[in-house]
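Student:
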Amino acid sequence: MEKEVELASSELEMDSQQISQPQKNKGGLVTMPFIIANEALARIASIGLLPNMILYLMGNYKLHLAKATQILLLTSALGNVTPLIGAFIADSYLGRFLAVGLGSIITFLVYMFFNVKEM
Numbered sequence: 001m002e003k004e005v006e007l008a009s010s011e012l013e014m015d016s017q018q019i020s021q022p023q024k025n026k027g028g029l030v031t032m033p034f035i036i037a038n039e040a041l042a043r044i045a046s047i048g049l050l051p052n053m054i055l056y057l058m059g060n061y062k063l064h065l066a067k068a069t070q071i072l073l074l075t076s077a078l079g080n081v082t083p084l085i086g087a088f089i090a091d092s093y094l095g096r097f098l099a100v101g102l103g104s105i106i107t108f109l110v111y112m113f114f115n116v117k118e119m
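For the sequence shown, full-length UniProt numbering begins at 1 and goes up steadily by one.
Have a look at this one:
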């Protein structure tokens, strides 16, 4: 009988300890300023590269201004749309961990392919 009383009192103590511990929420509005700042700085960097790329395409590849601008517009549009497509595939079919893993492996293989090709 004493063992049952001790077990019941220890269970009550454990329940009260679990209730008193505060729950930590991950993410939410706390992380939003960091995400917005990261995206804004990435956008500034990519916009800053556009005039240099136009000069590069006109100088080295002898393209006209309109053609060089069109090429950069299409690559910029593709760069803005592909994250949406990737997010849809990750949310609908793969899940976040598998999507990040496959993305990392594909990125590594592409970089290795281009580095081996240049050697």
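We put the beta carbon where it would ideally sit given N, CA and C, even for glycine. Computed from a predicted model, the values in this text were never measured in an experiment.
Can you tell me whether Y67 is helix, strand or coil according to DSSP?
Tutor: In the sequence shown, residue 67 corresponds to position 67, counting from 1. The identity of residue 67 in the sequence shown is Lys, whereas the question assumes Tyr. Here K67 sits in helix by DSSP.
Student: Indicate the three-state DSSP secondary structure (helix, strand or coil) for G95 in the structure shown.
Tutor: As a first step, residue 95 is located in the sequence shown; it is residue number 95 there, counting from the start. The answer is coil: DSSP assigns G95 none of H, G, I, E or B.
Student: Using the C-alpha atoms, what's the distance from Y56 back to L102?
Tutor: The residue labelled residue 102 in the question sits at position 102 within the sequence shown. The residue labelled residue 56 in the question sits at position 56 within the sequence shown. When rounded, the distance between both Cα atoms is 33 Å.
Student: Could you check the C-alpha separation between L84 and I71 for me, to the nearest Å?
Tutor: Along the sequence shown, one-based indexing puts residue 84 at 84. Along the sequence shown, one-based indexing puts residue 71 at 71. The straight-line gap from Cα to Cα measures roughly 21 Å.
Student: Pick helix, strand or coil for residue 124, following the three-state DSSP scheme.
Tutor: Residue coverage of the chain in this structure runs from 1 to 119, which leaves residue 124 outside it and unanswerable.
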